[in-house]
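In my numbering, the protein residues as written are 1340 to 1597.
Cβ atoms here follow ideal geometry from the backbone N, Cα and C, with glycine treated the same way.
Notes follow once the structure below has been shown.
Listed below in structure tokens is the structure:
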């Protein structure tokens, strides 16, 4: 009798689980294909504008050849984002199907199966589940749109206090250091014309945003790599960068003269 109840419970649980997933909707999923990915060494630019909002969780579908594990590392991918969902083909499943077909000397048609990773960096963990067509949720792909009062920033940098203690990065901007950096880039055919800045603290803290709209992605990667080097930000480490949609109300336009 106990076995019957246990079997009944397991069957009912599986039905409920499948219904829950089939009814779940993932909206505005950002689809990452290989054609969106540009690389320079360990610096990776995914040319899909992303808007980061505190109350809206981001969802990505990784259809590229980038390893999923890179997205889980906060030092590599979107350090300001603590929770997001990553969907990707279940490579372990497809690999096992291919191996089985090889052993049998025939062909096995795989079922579409994706892995869903629910990343919560606040708890330093992620949960995952593999779903096939029998329990697959609704996934709506849509890239983020840029409104009239917004801009796209391909690179941003932040500077802390002018004192108490002083942000060490400010030392690299002193004297002719910053001007020489941009002049050197201009000599390479990368003449950065402008950036936008926004103050956010009482001790001179500010962020700077670079649209870099006149450049190719290869040139953008040169700028980003050189800027990270200039600011001693470890450009030799892996980084996945997205152009970010910025809608700060108090952005200040700064035009460069050199």
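List the endpoints of the continuous alpha helix (DSSP H) containing residue i.
i	result
residue 1362	1341–1362
residue 1568	1556–1569
residue 1401	Segment 1397–1401 is the beta strand (DSSP E) holding residue 1401; no alpha helix (DSSP H) there.
residue 1519	1516–1526
residue 1408	1408–1411
Is it right to say residue i is buried, meaning 16 or more other beta carbons lie within 10 angstroms of its own, or is it exposed?
i	result
residue 1534	buried
residue 1434	exposed
residue 1549	buried
residue 1581	buried
residue 1480	exposed
residue 1594	exposed
residue 1384	buried
residue 1342	In this predicted model, residue 1342 has a pLDDT of only 45, less than 50, meaning its place in the structure is not dependable; the value taken from the coordinates is given anyway. Classification for residue 1342: exposed.
residue 1559	buried
residue 1388	buried
residue 1488	exposed
residue 1417	buried
With distances taken from CA atoms, which of the options is nearest residue i?
i	options	result
residue 1598	1540, 1474, 1446 and 1461	A question about residue 1598 goes unanswered here, because the residues of the chain that appear run from 1340 up to 1597.
residue 1583	1493, 1477, 1472 and 1450	1493
residue 1400	1491, 1384, 1469 and 1428	1428
residue 1386	1359, 1403, 1517 and 1440	1403
residue 1471	1361, 1591 and 1590	1361
residue 1547	1590, 1574 and 1528	1590
residue 1596	1518, 1554 and 1551	1518
residue 1491	1551, 1420 and 1381	1551
residue 1381	1585, 1574 and 1592	1574
Leaving aside the five residues before and after residue i along the sequence, list all residues of the same chain whose C-beta is less than 8 Å from its C-beta, in chain order.
i	result
residue 1545	1497, 1498, 1536, 1537, 1538 and 1539
residue 1340	Note that residue 1340 scores 47 on pLDDT, short of 50, meaning its location in the model is unreliable and no value can be drawn from it.
residue 1415	1409, 1576, 1577, 1578 and 1579
residue 1352	Interpretation of residue 1352 is limited by its pLDDT of 39, a score under 50 that renders its predicted location unreliable; the figure taken from the coordinates is listed afterwards. Excluding positions up to five away in sequence, the list is empty.
Which two residues bound the contiguous beta strand (DSSP E) that contains residue i?
i	result
residue 1535	1533–1538
residue 1427	1422–1428
residue 1552	Segment: none, residue 1552 is in no beta strand (DSSP E) and carries neither H nor E.
residue 1494	1494–1498
residue 1456	1452–1459
residue 1480	1477–1480
residue 1600	Outside the modelled stretch of the chain, which goes from 1340 to 1597, sits residue 1600, for which no answer is possible.
residue 1586	No beta strand (DSSP E) holds residue 1586; DSSP gives it neither H nor E.
residue 1376	1376–1379
Can you give me the Cβ contacts of residue i inside the same chain, cut-off strictly under 6 Å, excluding the 5 residues immediately before and after it?
i	result
residue 1398	1365, 1368 and 1424
residue 1477	1364
residue 1468	1455
Taking 7 Å as the limit between beta carbons, can you name the residues of its chain near residue i, skipping five residues before and five after?
i	result
residue 1508	1498 and 1570
Inspect the CB distances between the region 1481–1489 and the region 1436–1451 and report whether three or more fall short of 8 Å.
Contact between the region 1481–1489 and the region 1436–1451 is absent: fewer than three C-beta pairs spanning the two stretches fall below 8 Å.
If we count Cβ pairs, one from each stretch, closer than 8 Å, do we get three or more for the region 1367–1383 versus the region 1457–1466?
no
Validate contact between the region 1562–1573 and the region 1505–1524 using beta carbons, cut 8 Å, 3 pairs
yes
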